[in-house]
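Participant:
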Amino acid sequence: MSNLNSSFRNTNKFKTYCELELILTEKSDRPIDKIQSMLALIRSLWQNAIAIITKESELKIWQKQDHQGHIHWHVYDPWSGESVSFVSEETMYHWIENRYCR
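Using this note's numbering, the first residue of the sequence shown is number 170, and each one after it goes up by one.
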(Lines of atoms letter the chains of each structure in order from A; the text may use other names.)
(Lines give C-alpha, C1' and ligand atoms only; values in the text may rest on other atoms or scores of the structure.)
Protein backbone atom coordinates (compact mmCIF):
# COMPACT_ATOMS: atom_id res chain seq x y z
CA MET A 170 0.00 0.00 0.00
CA SER A 171 2.98 2.31 0.31
CA ASN A 172 3.16 2.75 -3.49
CA LEU A 173 -0.28 4.42 -3.57
CA ASN A 174 0.02 8.16 -4.08
CA SER A 175 -1.13 10.39 -1.23
CA SER A 176 -3.93 12.08 -3.18
CA PHE A 177 -5.59 8.68 -3.77
CA ARG A 178 -5.27 7.82 -0.05
CA ASN A 179 -7.38 10.85 0.89
CA THR A 180 -10.35 10.00 -1.33
CA ASN A 181 -13.55 8.11 -0.78
CA LYS A 182 -12.46 5.66 -3.47
CA PHE A 183 -9.49 4.71 -1.33
CA LYS A 184 -11.71 4.15 1.70
CA THR A 185 -14.04 2.02 -0.42
CA TYR A 186 -11.06 0.05 -1.74
CA CYS A 187 -9.83 -0.56 1.81
CA GLU A 188 -13.26 -1.69 2.94
CA LEU A 189 -13.55 -4.11 0.01
CA GLU A 190 -10.06 -5.51 0.62
CA LEU A 191 -10.66 -5.61 4.40
CA ILE A 192 -7.74 -3.25 4.98
CA LEU A 193 -7.86 -1.50 8.35
CA THR A 194 -7.43 2.24 7.88
CA GLU A 195 -8.76 3.79 11.06
CA LYS A 196 -7.62 3.05 14.58
CA SER A 197 -11.25 2.38 15.53
CA ASP A 198 -11.42 -0.32 12.82
CA ARG A 199 -8.87 -2.46 14.66
CA PRO A 200 -10.35 -5.52 16.37
CA ILE A 201 -8.58 -4.82 19.67
CA ASP A 202 -10.20 -1.37 19.89
CA LYS A 203 -13.63 -2.85 19.22
CA ILE A 204 -13.07 -5.51 21.87
CA GLN A 205 -11.96 -2.87 24.38
CA SER A 206 -15.08 -0.81 23.62
CA MET A 207 -17.30 -3.85 24.10
CA LEU A 208 -15.57 -4.72 27.38
CA ALA A 209 -16.05 -1.15 28.63
CA LEU A 210 -19.77 -1.36 27.78
CA ILE A 211 -20.11 -4.73 29.55
CA ARG A 212 -18.23 -3.38 32.58
CA SER A 213 -20.57 -0.39 32.74
CA LEU A 214 -23.68 -2.57 32.47
CA TRP A 215 -22.34 -4.90 35.17
CA GLN A 216 -21.62 -2.00 37.55
CA ASN A 217 -25.13 -0.62 37.02
CA ALA A 218 -26.67 -4.04 37.69
CA ILE A 219 -24.68 -4.42 40.92
CA ALA A 220 -25.74 -0.92 42.04
CA ILE A 221 -29.41 -1.79 41.47
CA ILE A 222 -29.16 -5.16 43.21
CA THR A 223 -27.34 -3.83 46.26
CA LYS A 224 -29.42 -0.68 46.66
CA GLU A 225 -31.12 -0.56 50.04
CA SER A 226 -34.82 -1.04 49.70
CA GLU A 227 -36.04 -0.64 53.27
CA LEU A 228 -37.85 2.49 54.33
CA LYS A 229 -35.99 4.71 56.74
CA ILE A 230 -38.25 5.87 59.58
CA TRP A 231 -37.31 8.27 62.35
CA GLN A 232 -38.89 10.81 64.63
CA LYS A 233 -37.90 14.32 65.61
CA GLN A 234 -39.13 16.62 68.29
CA ASP A 235 -39.68 20.27 67.43
CA HIS A 236 -38.93 23.21 69.78
CA GLN A 237 -42.47 23.00 71.20
CA GLY A 238 -42.06 19.32 72.13
CA HIS A 239 -44.25 17.91 69.32
CA ILE A 240 -43.12 14.64 67.74
CA HIS A 241 -42.89 14.50 63.92
CA TRP A 242 -42.45 11.23 62.03
CA HIS A 243 -40.33 11.08 58.90
CA VAL A 244 -40.17 8.40 56.21
CA TYR A 245 -37.56 8.14 53.46
CA ASP A 246 -37.94 5.67 50.55
CA PRO A 247 -34.49 5.03 48.98
CA TRP A 248 -36.02 3.51 45.83
CA SER A 249 -38.15 6.51 44.91
CA GLY A 250 -36.06 9.13 46.72
CA GLU A 251 -39.26 10.41 48.30
CA SER A 252 -39.22 11.85 51.82
CA VAL A 253 -42.45 12.49 53.76
CA SER A 254 -43.22 13.92 57.22
CA PHE A 255 -46.21 13.22 59.47
CA VAL A 256 -47.55 14.68 62.71
CA SER A 257 -48.67 11.32 64.09
CA GLU A 258 -47.36 7.78 64.07
CA GLU A 259 -50.80 6.49 63.09
CA THR A 260 -50.95 8.73 60.02
CA MET A 261 -47.48 7.61 59.01
CA TYR A 262 -48.36 3.90 59.28
CA HIS A 263 -51.59 4.50 57.37
CA TRP A 264 -49.60 6.15 54.55
CA ILE A 265 -47.12 3.26 54.45
CA GLU A 266 -49.89 0.64 54.36
CA ASN A 267 -51.74 2.43 51.55
CA ARG A 268 -48.60 2.91 49.53
CA TYR A 269 -46.74 -0.39 49.98
CA CYS A 270 -49.11 -3.06 51.29
CA ARG A 271 -51.72 -3.16 48.53
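Where a beta carbon is used, it is the ideal one built from N, C-alpha and C, also for glycine.
Among Asp-235, Trp-264, His-236 and Ile-211, which one has its Cα closest to the Cα of Asp-246?
Facilitator: Trp-264
Participant: Whose C-alpha, out of Tyr-269, His-241, Ser-249 and Gly-250, is nearest the C-alpha of Glu-259?
Facilitator: His-241
Participant: Output the distance between the C-alpha atoms of Met-261 and Lys-233, rounded to the nearest integer angstrom.
Facilitator: 13 Å
Participant: Return the Cβ separation of Val-253 and Ile-230 in integer angstroms, given the expectation that the two are a contact with Cβ distance under 8 Å.
Facilitator: Contact flag wrong, Cβ pair sits at about 10 Å.
Participant: If we ignore side chains and look at the alpha-carbon of each, how far apart do Gly-250 and Arg-268 end up?
Facilitator: Roughly 14 Å separates the two Cα atoms.
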